[in-house]
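Trainee: Position 191 of the sequence shown, counted from 1, bears residue number 1651 in my numbering, the numbering being contiguous throughout. Have a look at this one.
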Amino acid sequence: MNINELYSLWCEKAVDDPDLKQELISVADDSEGINDRFYRNLEFGTGGLRGVIGAGTNRMNIYTVRRATQGFADYINEAFDKPSVAIAYDSRIKSDVFAKAAAGVFAANGIHVYIYGELMPTPMLSFAVRELNCQAGVMVTASHNPSKYNGYKAYGADGCQLNLTDAETVIKKVNALDMFDGVKHIKFDDAVESGMVEYIGQSVIDKFYENVLAQGLNTNLVADSGLKVVYTPLNGTGNKPVRHILNKIGIKNVTVVPEQEMPDGNFTTCPYPNPEIREALELGLKLCDEVKPDLLLATDPDCDRVGIAVPDENGNYVLFSGNEVGAMLLEYICSERTRQGTMPKNPITVKTIVTTDIIKKIAEKYGVELIEVLTGFKFIGEQIGILEKQGEEDRFIFGYEESYGYLAGSYVRDKDAVNASMLICEMAAFYRTKGISLIQARENMYKTYGVYYHTQQSFTFEGKAGMEKMNSIMENLRKNYVAEIGGLKVILFEDYLEGISKNVETGKITEIKLPKSNVLVFGLTDGAKVIIRPSGTEPKIKAYYTAIGETQSDAQALEKKLAESFSKLIN
């Protein structure tokens, strides 16, 4: 069926959503607009769906959600007897609509649904899957993407996003379905009335909070520390749970950024609601200048990532990177658990391959085993699951990725900004009682292990032409990798798609024992590194730069050279 035929079919059959009908009419004479909406099916990738909200096969709408859910339901029904799923959704535009659409499909396929009665963070979905003994879960969110996006994350019975094997099975089932005629669904209200859809009770929410609080190490010190916090949920799901947890550990002086307090999928004050981006924190930083807190906390819309800013010696608020916060949390957890005698036997920490190597030095100091996994927190969750099957989940003490995702404890299988917000505040309060600021704590870490400076650069390629360009760039770098970057020699080349690691100087090739992934690593002299991969959820190629120096300025200067040099290979 060609694009014009698809467009006509949608005009005829997409009748359940008036917004879509109106959009289809509005692009009737716009061939480019029609092409972009229908040139492909929105791909159900290894993590689920993500795309621009709107009409068409290449958009997030109730029809693409229903089709994806039907494929997921077919997989679930084949794999399990009398299955159930948990569903949660965030503050994004139509998140509740898409969640109910998914519930209607599961119910029509005989799968019992547990759904939260209001928006909830991603980690609370992961928790519900396990707590309610579900066989799967769905989180409707586009994480930190701009407001025009929404998405759908698929989870397995372990509370972790689908592993690669199961995801491939679901993808095949989804791709085999007709958008309209291949899907079973019933109205959400009818599903609730029939008992096939059930709201998740307060007891599950309370149990989640209990598990978060159990990860504290020095919560008894927090109330008397005088810690002062400014917090922004960036119009997302974090407002209630983060404030609840901070109150529970004794932090009473919390000022919330008023413009970003309430749920709002339009994100009018932060077009990119991503705590990794300074622009998203501008209102929070402005409020910090007035309130003068010890710490600014910012969680993304689905509250699985958290960013921070702290005052320097001049009172200016400095943003910390995800690599820095994660390393400081690991250092804090290791030192305090060692001091308190609560470190498990043979402790384990897990990081992704694009996350800072300073972790290797911290882990070595405290006798912690380090496991490295592919990019994506589900691979960290997978490691926790392996330990659980062995009855050794207590060995896991901390896992994190550079993109502001952290987790202590094994009660969920995804990154948790509720947990991380609590630990960051506790760490800040603990150091405050010792007269140490977080700026000083960071400097102390660098004095001990060296200055590791990391940045991440994204190159955006929209539409069909952009996708082809991304593929061409990756293939060219793979076949014709460069001899130097930023004046530093390439001494190691790793291709995770081919599963090989090559010592450029000796020519020796070794196997990479991780699942295949479209990632290239350029190891440089002096410990520097450049890693490149296409995003699995956005039309972007991401480059990760590592520079090591004796001082912060040395490392930053080297990073600048790396970024300028590598950018020329992309553009």
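Here a beta-carbon is modelled for each residue, glycine too, at the ideal position from N, C-alpha and C.
With burial defined as no fewer than 16 other Cβ atoms inside 10 Å of the residue's Cβ, what is the status of Gly-1851: buried or exposed?
Mentor: Label assigned to Gly-1851: exposed.
Trainee: Could you give the distance in angstroms between the alpha-carbon of Lys-1708 and the alpha-carbon of Thr-1715?
Mentor: Each residue's alpha carbon lies about 16 Å from the other.
Trainee: Assign Val-1770 to buried or exposed, taking buried as 16 or more other Cβ atoms, counted over all protein chains shown, within 10 Å of its Cβ.
Mentor: Buried is the call here.
Trainee: Could you have a look at Pro-1771 and say whether DSSP puts it in helix, strand or coil?
Mentor: It is a strand residue.
Trainee: Taking buried to mean at least 16 other C-beta atoms within 10 Å of its own C-beta, is Asp-1496 buried or exposed?
Mentor: It counts as buried.
Trainee: Inspect the beta-carbon positions of Ile-1840 and Glu-1853 and report whether they are closer than 9 Å.
Mentor: Not closer than 9 Å, so no.
Trainee: Can you grab the Cα-Cα spacing for the pair Leu-1677 / Leu-1484, in whole Å?
Mentor: In a straight line, the C-alpha of Leu-1677 is about 55 Å away from that of Leu-1484.
Trainee: Please return the same chain residues whose Cβ sits closer than 8 Å to the Cβ of Asn-1537, not counting the five positions on each side in sequence.
Mentor: Cβ neighbours of Asn-1537 beyond the five flanking positions: Pro-1543, Asn-1569, Gly-1570, Ile-1571.
Trainee: Alpha carbons only, please: which of Lys-1968, Lys-1962, Ile-1945 is nearest the one belonging to Val-1990?
Mentor: Of the listed residues, the one whose Cα sits closest to Val-1990 is Ile-1945.
Trainee: Here's the rule: buried if 16 or more other CB atoms are within 10 angstroms of the residue's CB, otherwise exposed. What is Ser-1863?
Mentor: Buried: at least 16 other Cβ atoms inside 10 Å.
Trainee: Quick check on Ala-1561: does DSSP put it in helix, strand or coil?
Mentor: Ala-1561: helix per DSSP, three-state reduction.
Trainee: Alpha carbon to alpha carbon, what distance is there between Val-1682 and Pro-1999?
Mentor: For Pro-1999 and Val-1682, the distance between alpha carbons rounds to 42 Å.
Trainee: If contact is defined by three or more beta carbon pairs under 8 Å, each pair taking one atom from either stretch, is the stretch 1870-1879 in contact with the stretch 1696-1704?
Mentor: Yes, the stretch 1696-1704 touches the stretch 1870-1879.
Trainee: Mind the definition here: the stretch 1790-1802 touches the stretch 1715-1734 only if three or more C-beta pairs lie below 8 Å; say whether that holds.
Mentor: No, they do not touch.
Trainee: Quick one: residues in its chain with C-beta nearer than 8 Å to the C-beta of Ala-1559, no 5 flanking neighbours on either side, listed in chain order?
Mentor: Only Ile-1547, Ala-1548, Tyr-1549, Ile-1575, Val-1598, Val-1600 meet the Cβ criterion.
Trainee: If you drop the 5 nearest sequence neighbours on each side, which residues of the same chain put their C-beta closer than 6 Å to that of Lys-1487?
Mentor: Note that residue 1487 corresponds to Val in the displayed sequence, not to Lys. These residues qualify, in order along the chain: Gly-1493, Ile-1494.
Trainee: Spatial neighbours of Cys-1748 within its chain, please: CB distance less than 8 Å, with the 5 preceding and 5 following residues excluded, ordered by chain position.
Mentor: Closer than 8 Å at Cβ, skipping near neighbours: Val-1690, Leu-1756, Ala-1769, Pro-1771, Tyr-1777.
Trainee: On a Cα-Cα basis, can you pick out the residue from Glu-1965, Glu-1903, Lys-2020, Glu-1842 that is closest to Gly-1619?
Mentor: Ranking the options by Cα distance to Gly-1619, first place goes to Glu-1842.
Trainee: Please report the straight-line C-alpha distance between Glu-1832 and Thr-1812, rounded to a whole angstrom.
Mentor: Going by the C-alpha atoms only, they are around 5 Å apart.
Trainee: Round the Cβ separation of Val-1828 and Thr-1809 to the nearest angstrom and send it over; I've been treating them as touching at under 8 Å.
Mentor: Indeed they touch by this definition, with Cβ atoms about 5 Å apart.
Trainee: Between which residues of its own chain and Glu-1971 is the CB-CB distance below 8 Å, once the five residues before and five after are set aside?
Mentor: So the list reads Gly-1959, Ile-1960, Ser-1961, once near-sequence residues are dropped.
Trainee: Alpha carbon to alpha carbon, what distance is there between Val-1911 and Glu-2010?
Mentor: About 6 Å.
Trainee: Could you compute how far the alpha carbon of Asn-1783 sits from the alpha carbon of Phe-1890?
Mentor: Each residue's Cα considered, the two are about 20 Å apart.
Trainee: Give the secondary structure of Arg-1510 by DSSP, where H, G and I count as helix, E and B as strand, and everything else as coil.
Mentor: Looking at Arg-1510 - three-state DSSP - the assignment turns out to be strand.
Trainee: When DSSP labels each residue in this structure, what does Pro-1994 get in the three-state scheme?
Mentor: Three-state result, Pro-1994: strand.
Trainee: According to the Cβ coordinates, are Arg-1500 and Lys-1924 closer than 9 Å?
Mentor: Taking 9 Å as the Cβ cut-off, Arg-1500 and Lys-1924 qualify as a contacting pair.
Trainee: Does the Cβ-Cβ distance between Met-1520 and Asn-1610 come in under 9 Å?
Mentor: Contact flag set, yes.
Trainee: Out of Glu-1848, Tyr-1467, Ser-1897, which one is the CA nearest neighbour of Asn-1518?
Mentor: Out of Glu-1848, Tyr-1467, Ser-1897, Tyr-1467 has the C-alpha closest to the C-alpha of Asn-1518.
Trainee: Note down, in chain order, each residue of its chain lying with its Cβ closer than 6 Å to the Cβ of Thr-1815, except the 5 sequence neighbours on either side.
Mentor: Correct list, in chain order: Glu-1861, Glu-1862.
Trainee: Helix, strand or coil for Ser-1491, going by three-state DSSP, please let me know.
Mentor: Residue state, collapsed to three classes: helix.
Trainee: Assuming Val-1565 contacts Thr-1529 (C-beta within less than 8 Å), just tell me the rounded distance between them.
Mentor: Right, their Cβ atoms sit about 4 Å apart.
Trainee: Which class does Thr-1729 belong to by DSSP, given the choice of helix, strand or coil?
Mentor: Coil, per DSSP.
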